Amino acid sequence: MINIFSQLMMEANKSLYGLTIDPQNASKGPVVLGNGDFFIEIPVAFGCAFSDLTLTGANGTALPTAAELIDKGIETGVGSRMCNAIKVASYYLEAGLISKPDMIITSNSCCDSMTTLGILMNGYKPWADVPKFTMDAPHSFDEESYLYFGHQLRNAVTFMETVTGRKMDWDRLREVCVESNKQRQLLLEFQELKKAVPCPTEPDLARQGTEYTTWTSDRVTPTVTAWLEQLVTATEQRVKEGKGIDGVNEKVRFLWQDLAGSWASGTVLARLQKELGAVCLMDYVSYATWTPIDLSSEETMFTSFGKRFLLEDAMNRQALHTADLFCNDILQIVKEFKCDAVIMPAHIGHRDTNSRMKIVRDLCREHGIPCLVLGMDIWDKRYMTPEVVFDRMKTFFEVSGLI
Amino acid sequence: MRSGLKSDIFEKFSALAGSISNSEVEGWKQQGGKVIGYTCSFVPEELFVAAGLMPFRIRATGSLSAGRADDYFEAANICSLVRHCFNKILTGEYEFIDGCVIGGGCDANRHILDNWEKSEARIPFLHRIFFPHSSGILMAQNFRNQLENLKQLLEEHFGLKITDDKLRDAIVLCNEIRDLQKAIYALRKVDNPPITASETIALVVAGYSMPKEAYKADLTQLLEELRGVTVPENKKTVRLMVVGPGHDEPTLCDIIETMGGTVVTDLTCYGGKTLFGSVREADPDPLQALADYQVIDRPLCPKNLDAHPIINREVMDKIKEYRVDGIIGQSYLCCETWGGELFVLQKELKEAGIPMLRIEREYTSDSLGQVQTRVQAFIETISGGLL
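Protein chains in written order, with the working numbering: chain A, 25 to 427; chain B, 264 to 650.
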């Protein structure tokens with residue numbers, strides 16, 4: 025049965041997974057290519073198309089030809105243990121499948137694999153004449169760091185102005201930030217509603233909402249705001265009615281402390297929900313900690329940008345910083361969302377997460393939270409198949425007495 | 264491999280490089296000296312020298328297992344150099360250090376601190392600084408601020424004062440050591456170098472393992488000895504350069520030289536990378552001079568997105584200076600940034616007609632059997648089977 029949530033999910037997915045190779049082809053205006061997150065409000069206000077090559081690679085792993093694309097990425101020789109989203113992006117790049125951008129902006133956020141993609145983009149000979157700008161995302165989250173990174177984002181605006189010969193319309197940037205603040209507030213409201221027991225609707229909508237607002241060609245537009253308003257309204261109604269997810273008898277609520285990746289949602293997580301009543305309340309793209317962009321002055325805006333980028337944007341928060349922040353988030357999520365267990369997918373390409381395993385295990389043991397470490401590849405289901413992941417999680421829930 | 268050169272200093276350096284704790288450290292500690300460990304070549308030793316501390320670069324020499332560290336770091340997905348180094352920490356081989364500064368160069372390395380702080384091997388002074396990931400005035404200023412903070416923490420913890428004059432003296436001393444090391448490296452430009460690659464590794468690793476003044480004196484004497492050596496004619500060899508992250512032990516170079524190659528120079532984290540240029544000596548702000556050196560002059564870590572053109576230039580210059588026939592690009596499995604860097608470099612070298620062999624390996628030497636076969640094939644290809 026198609027309900028409002030299914031419709032919303034389809035709309036977001038259409039926009040999100042429409043991004044495969046070279047989304048900028050369909051865009052108008054100068055094209056900025058990044059190796060990861062850029063502060064999206066800036067290119068939107070500037071009237072630039074922004075394309076994140078990591079995301080393009082990640083979306084490639086969701087295609088029916090994913091295995092072939094990953095193998096082609098391996099054949100490029102970029103590093104055998106590299107994250108497969110980056111391998112696919114490398115393949116696209118080396119095969120000449122990405123159009124030449126007008127400028128390239130790279131940073132180290134949020135992991136070493138993405139830095140490597142930045143190295144490849146900056147060293148790609150056919151693009152030797154493309155103007156390039158690099159940024160240093162510090163592994164710290166304090167006012168000084170926000171100012172430091174905000175300063176770099178301001179310099180990025182100057183760079184874009186120099187390359188294009190155009191000027192930033194500061195009023196337009198404020199408008200975009202107002203829209204952005206509105207969207208983030210709606211996502212926070214949805215997050216609050218999601219805490220209800222039973223969970224009122226597909227929790228994965230939070231991930232899709234986040235991705236829809238930041239990663240698609242619709243980003244920071246009234247279209248997305250309207251989508252989020254519908255989501256919040258419909259979820260509020262569900263909570264009032266005390267209803268859970270259609271067709272799910274919720275028994276276990278768990279945290280998936282990594283990206284959902286390209287295949288887990290539709291396979292393992294959907295099956296766990298349906299067959300075992302095990303609901304994935306949160307993953308680390310969905311966890312919203314946003315604060316509004318302070319629009320009082322140009323300086324406060326850019327400092328807010330720095331904060332949002334370093335501390336609040338998905339995966340930057342989890343990957344750039346200390347194990348303590350990572351662990352505090354786990355405890356906070358478990359408490360607020362009444363999670364019964366923590367799943368650590370431990371994606372093979374995430375050096376940061378793979379460096380924190382004992383700390384997380386010890387933390388969970390200390391707090392009596394059942395914890396399972398998988399060691400899977402979130403982009404390549406051949407590494408640990410959906411069936412194996414399902415079986416391991418099922419066994420874990422059984423052994424932990426949760427089902 | 265040894266050159267056959269008889270030198271007490273070589274013997275001393277080999278002994279220092281072949282173990283973790285050593286007689287120099289023991290002597291220093293017996294005199295009441297403090298030792299500060301560190302990881303990554305961008306952590307400026309000058310700051311420790313100015314503090315009167317003996318810097319000791321963390322390494323994993325002799326490690327056969329990372330068993331205890333593998334509880335902390337997932338073995339299949341984390342660089343073995345980091346795991347083996349941390350294992351040495353956990354097993355108590357670094358008990359002699361009084362503090363440590365982790366250079367957060369890569370995702371795995373920076374987590375040594377998080378894990379160390381939560382382990383039983385925790386020590387009172389643990390700190391981390393980060394190498395900026397791009398180069399510019401803003402980043403050099405940021406790095407300077409980190410150094411200022413580190414300086415204050417060292418002063419507070421160890422109850423000492425690091426004056427600008429002491430810093431300038433330390434900069435001069437470390438520049439002199441770099442110059443001596445460069446002079447010894449330069450001896451390998453000739454057809455038949457008087458020292459082997461293994462001896463060169465021992466020479467630089469020893470420098471991370473003993474007091475700097477004594478090291479300078481030993482290097483000065485060694486250089487004199489080496490200049491006086493008459494080396495017999497040798498058979499023709501393939502002249503190779505090793506590029507990649509740190510390798511503190513000689514096994515790879517021994518394989519190369521056993522197979523008929525001669526490693527004439529390198530650009531690696533324990534070796535050639537650290538010999539680049541000099542720090543400004545008379546700067547009114549010596550911390551800024553150190554920051555500028557690391558961030559603007561010498562950003563040779565591929566974690567820095569502006570590093571590649573400088574790495575490329577350094578490699579190309581060394582190819583000419585040292586008449587290099589081929590490059591061995593070696594990195595550890597899971598070392599992503601060097602993986603990307605070597606990938607780009609290999610394409611550029613190909614265009615320049617310089618052959619490059621790419622090796623991904625584990626830290627321990629028992630993983631090097633396959634490497635031996637590939638190195639042999641590479642050397643034979645370059646030499647046209649004439650060796």
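All C-beta atoms in this analysis are idealised placements derived from N, C-alpha and C, irrespective of residue type, glycine included. Remember, predicted model here, so these are calculated numbers, not experimental data.
**Request:** Would you decide whether Gln48/A is buried or exposed? Buried here means 16 or more other CB atoms lie within 10 Å of its CB.
**Result:** Only weak support is given to the placement of Gln48/A: the predicted model assigns it a pLDDT of 49, under 50, and the question is left unresolved by the model.
**Asked** Based on the DSSP secondary-structure assignment, which residues constitute the bridge partners of Asp529/B?
**Response** Val505/B
**Asked** For Tyr116/A, which beta-bridge partners are listed by DSSP?
**Response** Tyr116/A is not bridged to any residue.
**Item:** Opening and closing residue of the beta strand (DSSP E) in which Ile590/B lies
**Value:** Gly589 to Tyr595
**Item:** Assigned exposure category for Glu487/B - 16 Cβ within 10 Å defines buried
**Value:** exposed
**Message:** Which same chain residues end up closer than 6 Å to Leu316/B when comparing Cβ atoms and leaving out the 5 residues on each side of it in sequence?
**Reply:** Lys297 and Ile299
**Request:** Express the C-alpha separation of Ser379/A and Pro562/B in angstroms, rounding to a whole number.
**Result:** 25 Å
**Message:** Residues in the same chain with beta-carbon distance under 6 Å from Ala314/B, minus the five sequence neighbours each way, listed in chain order, please.
**Reply:** Leu417, Leu423 and Ile425
**Message:** To the nearest angstrom, how far is the alpha carbon of Lys610/B from that of Cys369/B?
**Reply:** 24 Å
**Request:** For Asn567/B, count neighbouring Cβ atoms within 10 angstroms of its own Cβ and tell me buried if that reaches 16, exposed if not.
**Result:** buried
**Request:** If I'm right that Tyr595/B touches Cys342/B with Cβ under 8 Å, what's the distance once you round it to whole angstroms?
**Result:** 5 Å
**Item:** First and last residue of the uninterrupted beta strand (DSSP E) at Glu623/B
**Value:** Met619 to Arg624
**Ala278/B at chain A interface by Cβ criterion, 8 Å** = no
**Prompt:** Since Phe276/B contacts Ala477/B with CB under 8 Å, what's their CB separation in whole angstroms?
**Reply:** 12 Å between Cβ atoms; not a contact.
**Prompt:** When burial is assigned at 16 or more other CB atoms within 10 Å of the CB, is Gly233/A buried or exposed?
**Reply:** buried
**Request:** Using the Cα positions of Thr245/A and Trp251/A, report the straight-line distance between them to the nearest angstrom.
**Result:** 10 Å
**Prompt:** Hey, would you say the C-beta of Asp401/A is under 7 Å away from at least one heavy atom of the ligand GTP?
**Reply:** As far as ligands go, the structure on display features none, and thus does not contain the ligand GTP.
**Prompt:** Between Cys437/B and Lys381/B, is the Cβ-Cβ spacing less than 8 Å?
**Reply:** no
**Coil, strand or helix - Ile393/A by DSSP** = coil
**is_contact[Gln48/A, chain B] using C-beta, thresh 8 Å** = Any answer about Gln48/A is weak, because its pLDDT of 49 lies below 50 and its placement is not dependable; what the coordinates show is given next. For Gln48/A, the answer is no, since every Cβ of chain B falls outside 8 Å of its Cβ.
**Asked** Whose Cβ in chain A lies nearer than 7 Å to the Cβ of Ala371/B?
**Response** Arg375 and Ser379
**Prompt:** Going along the chain, which residues of its own chain have a beta-carbon closer than 6 Å to the beta-carbon of Lys218/A, five neighbours each way excluded?
**Reply:** Pro227
**Asked** Less than 8 Å separating the beta-carbons of Leu515/B and Val634/B?
**Response** yes
**Request:** Identify whether Met428/A lies in helix, strand or coil by the three-state DSSP scheme.
**Result:** Residue 428/A lies beyond the stretch modelled for chain A, which goes from 25 to 427, so this question has no answer here.
**Request:** Starting from the C-beta of Arg322/B, find all residues in its chain whose C-beta is less than 6 Å away, skip the five residues before and the five after it, and write them out in chain order.
**Result:** Asp511
**Message:** Please list, in chain order, the chain A residues whose beta carbon lies closer than 8 Å to that of Asn405/B.
**Reply:** Asp160, Pro162 and Tyr172
**Message:** Let me check understanding here. Comparing Cα to Cα, which of Asp442/B, Phe606/B and Cys348/B lies closest to Gly142/A?
**Reply:** Phe606/B
**Request:** Have a look at Ser541/B, Pro457/B, Glu383/B and Val288/B and flag the residue whose alpha-carbon is nearest the alpha-carbon of Ala332/B.
**Result:** Glu383/B
**Prompt:** For the putative contact between Phe329/A and Leu177/A, defined by C-beta atoms under 8 Å, what is the C-beta separation to the nearest angstrom?
**Reply:** 5 Å
**Residue interval of the alpha helix (DSSP H) (run including Ala343/A)** = Asn340 to Ala343
**Prompt:** Three-state secondary structure (DSSP) at Arg178/A?
**Reply:** helix
**Asked** Just curious, the beta strand (DSSP E) that Val492/B is in, first and last residue?
**Response** Element bounds for Val492/B: n/a, residue is neither H nor E.
**Prompt:** Whose CA, out of Pro618/B, Leu413/B, Lys414/B and Asp546/B, lies closest to the CA of Val505/B?
**Reply:** Pro618/B
**Asked** Start and end of the alpha helix (DSSP H) containing Lys359/A?
**Response** Ala347 to Glu360
**Asked** Taking buried to mean at least 16 other C-beta atoms within 10 Å of its own C-beta, is Glu274/B buried or exposed?
**Response** exposed
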